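Participant: Below you'll find the structure I mean.
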Amino acid sequence: VTYNAAISACQKAGQWQQALSLVCRMPGTRVVAGEISHNAAASACEKGGQWQFAQSLLFKSMPHLRLAPTAITYNAAMSACEKAGQWHHALSLLSNLHDKRRACLTPGLPQTKLRIVQPLVLAKKLAGGDEINYNAAISACEKAGKWPSELVREVCFMCFTRCEGGRNRIEIEVLRDEIGKWRANPRQATVLLSSLARYRLPHLARWVLTSMLASRVEVNACHCNAAISTCEKTGQWQLVLVLLGSMPLMSLEPDEVSYCVSISAFGKGGQWRLALSILARMPSMRIAQGGVGYNAAISACGKPGHWGLALSLLNSMPSKSIFQDEISFNAAISAASKGGQWQLALQLLGSMPEIGVIPNEITCSAAISACEKGCQWQLALSILSSMPDNRLASTEVGHTMAVSACGKGGQWQLALELLLSMPHVGVMQNTISYNAAISACEKAGEWLLALSLLSNMPDMRMDQDEISYNAAMSACGKGGKWQQALGLM
Numbered sequence: 020v021t022y023n024a025a026i027s028a029c030q031k032a033g034q035w036q037q038a039l040s041l042v043c044r045m046p047g048t049r050v051v052a053g054e055i056s057h058n059a060a061a062s063a064c065e066k067g068g069q070w071q072f073a074q075s076l077l078f079k080s081m082p083h084l085r086l087a088p089t090a091i092t093y094n095a096a097m098s099a100c101e102k103a104g105q106w107h108h109a110l111s112l113l114s115n116l117h118d119k120r121r122a123c124l125t126p127g128l129p130q131t132k133l134r135i136v137q138p139l140v141l142a143k144k145l146a147g148g149d150e151i152n153y154n155a156a157i158s159a160c161e162k163a164g165k166w167p168s169e170l171v172r173e174v175c176f177m178c179f180t181r182c183e184g185g186r187n188r189i190e191i192e193v194l195r196d197e198i199g200k201w202r203a204n205p206r207q208a209t210v211l212l213s214s215l216a217r218y219r220l221p222h223l224a225r226w227v228l229t230s231m232l233a234s235r236v237e238v239n240a241c242h243c244n245a246a247i248s249t250c251e252k253t254g255q256w257q258l259v260l261v262l263l264g265s266m267p268l269m270s271l272e273p274d275e276v277s278y279c280v281s282i283s284a285f286g287k288g289g290q291w292r293l294a295l296s297i298l299a300r301m302p303s304m305r306i307a308q309g310g311v312g313y314n315a316a317i318s319a320c321g322k323p324g325h326w327g328l329a330l331s332l333l334n335s336m337p338s339k340s341i342f343q344d345e346i347s348f349n350a351a352i353s354a355a356s357k358g359g360q361w362q363l364a365l366q367l368l369g370s371m372p373e374i375g376v377i378p379n380e381i382t383c384s385a386a387i388s389a390c391e392k393g394c395q396w397q398l399a400l401s402i403l404s405s406m407p408d409n410r411l412a413s414t415e416v417g418h419t420m421a422v423s424a425c426g427k428g429g430q431w432q433l434a435l436e437l438l439l440s441m442p443h444v445g446v447m448q449n450t451i452s453y454n455a456a457i458s459a460c461e462k463a464g465e466w467l468l469a470l471s472l473l474s475n476m477p478d479m480r481m482d483q484d485e486i487s488y489n490a491a492m493s494a495c496g497k498g499g500k501w502q503q504a505l506g507l508m
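Residue numbering for the sequence shown follows my numbering, beginning at 20 and increasing consecutively.
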């Protein structure tokens, strides 16, 4: 009690150094520094603008003594960050408070008026913290000139994720009330939907749109496009189809963004027929078919290996005055690779400079992959070796495919040489590249090298998977080392 009174006195006098000194001195006198002591010291640091020391009390001293931070501790630390203009740290503390849900609204804490847009009022109600917490974080963002987008993105994400799947009806009802207040500022909905796209929460995005309509908040094409983009990032093509079909019911016309993102979503979901259907529909809707839509459609056809369709789309672009760029060729070469058409892949690669399109790292990696599938190890090495001359950086995919190509061609020495050279050219070795090298040794019956590579993988912080063990066991089998094979099993 004596120490607490002294620390409190230091806090009121603005003597943060003395307050910290007293807290540090307490264990030596066999007096336990409890929550009250730490809260008073944190408040002293807050008054002195010492945000680092306030965070140290919160995250180091209190956990070391097995003390749970309270709302007062968090408030003091966030206010200290606010005074120092450390808005990132203020948001981090707010997020930490939400995750732990330890610092609940404490009876008797003074309530201040929240000076911010409605989504943050909602966050206050949902996250289990008190109003002071949010004011501190908000104030820090305002001073740093980062308001409102940063705070909306972080805080609204916290509250919306708690409503996902309709787990908490009370929270959803509160949220619906807040959505009704977006009429005065529809940009809040755009910012929030864009955040949901970044965090890949498609069902929430659709729910937000539905709630906006139910609350008679105007929904525009930007809102729908943001929701469609959320679904596209997660491959939820069914939701994209629903959203695209519902736009006319909202008296909204899908635009180029709506269609292009939808084509990409259908491609990711393996629905290449739908992707082509949407592309073909665009002219009748008086929407120009641009490079973005065509590239997405080529990619959609390429994923299942429909290289003929991909090539047809690529070749039709000039007649429609659509520029073929590196993305177009990358998608077409990838389609040729997946379809086992290595000659076509190389033909496309060679034709790019003729029309002024420069191949990039992705282009070369896709072409090497095509050569690997066609067991053309010499061509794979040729493309790989040409990359530095064209000022292109080596890639993990390119090197790994080259290792595999050499293995398939019975060139196990070259495969090992490529694997070992990867760190020297700034390329990370990975499980796939090691598996390719082990397989190369297996084909040549080099069981000892295969086992050596397998045993090195944990030291390189790589996971040994089923492919690794199967290749090593097969190598032992070919070498007549059945005991080693059984040991691996």
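Glycine included, C-beta positions come from ideal geometry on N, C-alpha and C.
Since the structure is predicted, the reported quantities are computational estimates derived from the model, not experimental observations.
1. Can we say the stretch 288–308 touches the stretch 264–271, given the rule of at least three CB pairs closer than 8 Å?
2. Looking only at its chain, what residues have a beta carbon closer than 6 Å to the beta carbon of Lys-497, apart from the 5 residues adjacent to it on each side?
3. My understanding is that His-325 touches Trp-291, with C-beta atoms under 8 Å, so please give their C-beta distance in whole angstroms.
4. How big is the Cα-Cα spacing for Ala-284 and Leu-332?
5. For Trp-466 and Gly-429, what's the separation of their Cα atoms in angstroms?
6. Can you tell me the Cβ-Cβ gap for Leu-368 and Ile-352, rounded? I've got them flagged as a contact below 8 Å.
7. Which of helix, strand or coil does DSSP assign to Ile-306?
8. If you draw a straight line from the C-alpha of Ala-38 to the C-alpha of His-108, how long is it?
9. Give the secondary structure of Met-336 by DSSP, where H, G and I count as helix, E and B as strand, and everything else as coil.
10. Assuming contact is defined by CB atoms lying nearer than 8 Å, are Val-236 and Arg-202 in contact in what I supplied?
11. So, helix, strand or coil for Gln-207, using DSSP?
12. State yes or no: is the beta carbon of Ser-404 nearer than 8 Å to at least one beta carbon in chain C?
13. CA-CA distance, Ser-405 and Pro-378?
14. Short of 6 Å in beta carbon distance, which residues of its chain neighbour Ser-318, apart from the five on each side in sequence? Order them along the chain.
15. From Cys-383 to Glu-275, what distance separates their C-alpha atoms?
16. Buried or exposed, going by whether 16 or more other CB atoms sit within 10 Å of the CB of Ser-13?
17. What residue range is occupied by the uninterrupted alpha helix (DSSP H) comprising Cys-394?
18. Met-420 and Glu-461 - do their beta-carbons sit closer together than 8 Å?
19. Which value, in whole angstroms, describes the spacing of the CA atoms of Val-136 and Arg-206?
20. In whole angstroms, what separates the C-alpha of Met-81 from that of Pro-407?
21. Label Gln-255 either buried or exposed according to how many other C-beta atoms from any shown protein chain fall within 10 Å of its C-beta, with 16 as the threshold for buried.
22. Is Leu-232 closer than 8 Å to His-242 when the C-beta atoms are compared?
23. Quick one, which of Arg-85, Leu-86, Ser-75, Leu-84 has its alpha-carbon nearest Leu-112's?
24. From Ile-198, Leu-439, Gln-502, Gly-68, pick the residue whose C-alpha is nearest to that of Glu-415; which is it?
25. Tell me the residue span of the alpha helix (DSSP H) that contains Gly-417.
26. Could you spell out where the alpha helix (DSSP H) holding Gly-264 opens and where it closes?
27. Based on Cα-Cα distance, which residue from Leu-223, Pro-372, Lys-500 lies nearest to Cys-250?
28. Around the Cβ of Trp-501, are there at least 16 other Cβ atoms within 10 angstroms (buried) or fewer (exposed)?
29. State buried or exposed for Ala-434, treating a residue as buried only when at least 16 other CB atoms are found within 10 Å of its CB.
30. Could you work out which residue in Ser-230, Asn-58, Glu-485, Leu-220 is closest to Ile-247 when comparing CA atoms only?
31. Quick check on Thr-21: buried or exposed, where buried means 16 or more other Cβ atoms within 10 Å of its Cβ?
32. Could you work out which residue in Leu-271, Gly-288, Gly-289 is closest to Met-304 when comparing CA atoms only?
33. So, at 7 Å on beta carbons, what are the nonlocal neighbours of Met-508 in its own chain, with the 5 sequence-adjacent residues on each side left out?
Facilitator: Reading it off the structure:
1. no
2. Gly-464
3. 6 Å
4. 18 Å
5. 14 Å
6. 6 Å
7. coil
8. 23 Å
9. coil
10. yes
11. helix
12. Within the model displayed, chain C is absent; a lone protein chain is all it includes.
13. 11 Å
14. Gly-286, Ala-350
15. 30 Å
16. One cannot answer for residue 13 here, as it falls past the ends of the chain, which runs 20 to 508.
17. Premise fails: Cys-394 is in no alpha helix (DSSP H) and is neither H nor E.
18. no
19. Reliability fails at Val-136, whose pLDDT of 32 lies under 50, so the model's placement of it is uncertain and no value is given.
20. 54 Å
21. buried
22. no
23. Ser-75
24. Leu-439
25. 415–427
26. 256–265
27. Leu-223
28. exposed
29. buried
30. Leu-220
31. exposed
32. Leu-271
33. Met-492
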